[in-house]
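Q: Quick note: the sequence shown, position 39, residue 38 per numbering that gives the first Met the number 0, numbers continuous. Heads up, the beta-carbon is just placed ideally off N, CA and C, and yes, glycines get one too. Values in this document were obtained by computation on a predicted structure and should not be read as measured data.
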Amino acid sequence: MVLKPATVIAIYPGSFDPITNGHLDLIERGSKLFHRLIVSILRNDKKEPLFSVEERLEMLREVVAVYPNVEVDHFAGLLVDYAAERGATVLLRGIRAISDYEKELQMALMNRRLRPEIETVCMMSGEAYSFISSRLVKEVIGLGGNISGLVPPSVEVRLRKRFNAAGAGSRVHSK
Ligand code: PNS
Numbered sequence: 000m001v002l003k004p005a006t007v008i009a010i011y012p013g014s015f016d017p018i019t020n021g022h023l024d025l026i027e028r029g030s031k032l033f034h035r036l037i038v039s040i041l042r043n044d045k046k047e048p049l050f051s052v053e054e055r056l057e058m059l060r061e062v063v064a065v066y067p068n069v070e071v072d073h074f075a076g077l078l079v080d081y082a083a084e085r086g087a088t089v090l091l092r093g094i095r096a097i098s099d100y101e102k103e104l105q106m107a108l109m110n111r112r113l114r115p116e117i118e119t120v121c122m123m124s125g126e127a128y129s130f131i132s133s134r135l136v137k138e139v140i141g142l143g144g145n146i147s148g149l150v151p152p153s154v155e156v157r158l159r160k161r162f163n164a165a166g167a168g169s170r171v172h173s174k
């Protein structure tokens, strides 16, 4: 007999550069599914993010404050090792379209091979958010387009400040 943990802790990992309404939709739904949900930013020295880890943590904290069982963190190294350290048994990921599936399947199978006791749970993105990505949001605002409704209002303010400071159209980052 396999004993189930009394408290199911899930990690929602990602770059969150910045958090979008698609991420937020997943956080809200995930918060109802698990006892605790840890939204965790990967510290990745290889990527040049638009926002520092500290800025992304601040933005995440602001928007998840309404969910009492959601916390925000950051990690480096192997996701499954970090999850085990945090006592998590679930990795939460979102799938927007079939194009996401291949990458998610690959990661889920690799993570399962590394630590079979940790399960990946993929949730389908809400249809209203299935086209939103951090990369596209940055591209659109960088080229002077309207991003209202795609990111939380506090994140939109920060994006505007960042792109106004840099000059519209001058900084378009990858995801
Ligand atoms: O927001 P992203 O870029 O889709 O998130 C990708 C992330 C952070 C989930 C993934 O890159 C990751 O888990 N990185 C940690 C390194 C790791 O564990 N790699 C091996 C397992 S696939």
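DSSP puts T119 in a beta bridge; with which residues?
A: The partner list for T119 (beta bridge, DSSP) reads L90.
Q: Take N110 as the anchor and find which of R92, E155, K160 and T19 has the nearest alpha-carbon.
A: Checking every option, the nearest Cα to that of N110 belongs to R92.
Q: Which residues end up in the neighbourhood of the ligand PNS when you take C-beta atoms closer than 5 Å to any of its heavy atoms?
A: For the ligand PNS, the selected residues are P12, G13, S14, L41, L77, L78, M106 and M109.
Q: In the structure shown, what three-state DSSP assignment does F33 receive?
A: Looking at F33 - three-state DSSP - the assignment turns out to be coil, as it is neither helix nor strand.
Q: Beta carbon of R114, beta carbon of A164: below 8 Å?
A: Not a contact, by the Cβ cut-off of 8 Å.
Q: Can you round the beta-carbon distance between S14 and V69 to whole angstroms, since I take them to be within the 8 Å contact cut?
A: Not confirmed; about 18 Å, so no contact.
Q: So V150 packs on V139, CB below 8 Å; how close in whole Å?
A: Contact flag wrong, Cβ pair sits at about 10 Å.
Q: Here's a check: name, in chain order, each residue in its chain whose Cβ is nearer than 8 Å to the Cβ of Y128, leaving out the five neighbours to either side.
A: Within the same chain, Y128 has close Cβ partners T19, N20, G21, D24 and R95.
Q: How many angstroms separate the CA atom of R35 from the CA atom of P12?
A: Their Cα atoms are separated by approximately 14 Å.
Q: Is DSSP giving A200 helix, strand or coil here?
A: Limits of the chain in this structure are 0 at one end and 174 at the other, which puts residue 200 out of reach.
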